[in-house]
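Inspection log for the structure reproduced underneath, given as structure tokens.
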Amino acid sequence: MALHNTNPTKTLAWQKLQKHFQEMQNVSMTSLFEKDQTRTSQFHIQWNDFLIDFSKNI
């Protein structure tokens, strides 16, 4: 079974990533936390003794 040689920059996912970058390139983390005081509680996962915090990712 042959694998197709796909240029990632030609995919829909890449286009969406570029759009997201354009929308977020001038947004600061500080402004995101100021707009949403519950950001940390909304963007984390707790498993046993582990807390994984995604709130500081754009």
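In this note's numbering, the protein residues as written are 68 to 125. All C-beta atoms in this analysis are idealised placements derived from N, C-alpha and C, irrespective of residue type, glycine included.
Cβ-based neighbour list, residue i, same chain, cut-off 6 angstroms, excluding 5 preceding and 5 following
i	result
T107	S122
Residue i vs residue j beta-carbon contact at 7 angstroms
i	j	result
H111	D120	yes
Of the listed residues the options, nearest to residue i (C-alpha basis)
i	options	result
N124	Q113, S98, T76, N115	S98
Cβ-based neighbour list, residue i, same chain, cut-off 8 angstroms, excluding 5 preceding and 5 following
i	result
M96	K123, I125
Complete runs of the alpha helix (DSSP H) confined to the segment 71-110 [at least 4 residues]: 79-91, 96-102, 106-109
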